[in-house]
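Residue numbers (the UniProt record's numbering): 1 to 242. Following: one structure in structure tokens, then a few remarks.
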């Protein structure tokens, strides 16, 4: 435990936050197995902080996505948030933060590689964010989340766009027995900053166009527009039948 206290400044530097009460950060690092093994008082482990941090993380990610993607629908924002807060994603963030070197687990848990388990890493990350919130408030917790998830936000968007293509294909095959086709209709701009326009067709008929800095990005944007268009047409058709 004393060794952990001595190394806390390194973790605080990575977080970008200095605790007024280091005891909160210590508690965030105490896994239940360690508390049981050391017979610590009830509430000494990080489970309550994990509960709080889960809510703070969800709110902060929603806040980040709301600011970053002003044109995204509620459904798309929810999908991106779900992608970002998956256990494996949180465990990856915790690993990059170096949390596995700080987590306190029982000897048995340590022998089985407990500090590398995705569930323990993810839970500890949430507990740390809960501790930041209690010590510094929402704005500080938000800043930590922004710092830790900065590189993942664009990946969430790309994952969502890739999903548009698969969803469009499923919808087109189910309702029209056709597979969407894509073609580049325009390519302009300098080589270091090109702009592509891609058109998606269904049954040989143009359905929508999208543009982007790469052919893939433009095709994904075209698929997004086409998907929304088809969904609207199918909903309208359903309403008329009823």
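Even for Gly, the Cβ is constructed at its ideal location relative to N, Cα and C.
Within the UniProt domain "DRBM" (163-232), no complete alpha helix (DSSP H) segment of 4 residues or longer occurs. If you check the CB distance, residue 164 and residue 227 come in under 9 Å.
Under the criterion of beta carbons closer than 8 Å, residue 183 and residue 201 qualify as touching, at roughly 7 Å. Residue 195 and residue 74 have their C-alpha atoms spaced approximately 28 Å apart. For residue 46, the number of other beta carbons within 10 angstroms of its own is at least 16, and it is reported as buried.
The continuous alpha helix (DSSP H) containing residue 120 extends over residues 118-136.
Secondary structure note for residue 23: its alpha helix (DSSP H) is the uninterrupted segment 22-28.
Spatial neighbours of residue 43 in its own chain (CB-CB distance under 8 Å, excluding positions within 5 residues in sequence) are not present. Bridge pairing for residue 104: 30 [DSSP]. Secondary structure note for residue 54: its alpha helix (DSSP H) is the uninterrupted segment 47-68. With a threshold of 16 other beta carbon atoms within 10 Å, residue 123 meets it and is buried.
Measuring C-alpha to C-alpha distances from residue 115 to each of 102, 127, 130 identifies 102 as the nearest. Note on residue 34: 16 or more other CB atoms within 10 angstroms of its CB, so buried under the neighbour-count rule. The C-beta distance from residue 231 to residue 162 rounds to 18 Å, too long to meet the 8 Å contact threshold.
Taking 9 Å as the cut-off, the Cβ atoms of residue 213 and residue 193 count as close.
In this structure, the CA atom of residue 130 is about 11 Å from the CA atom of residue 145. Our two residues, residue 32 and residue 119, have alpha carbons roughly 13 Å apart in a direct line. The Cβ neighbour count for residue 51, taken over all protein chains shown within 10 Å, is under 16; the residue is labelled exposed. Between the alpha carbons of residue 14 and residue 98 lies a gap of roughly 9 Å.
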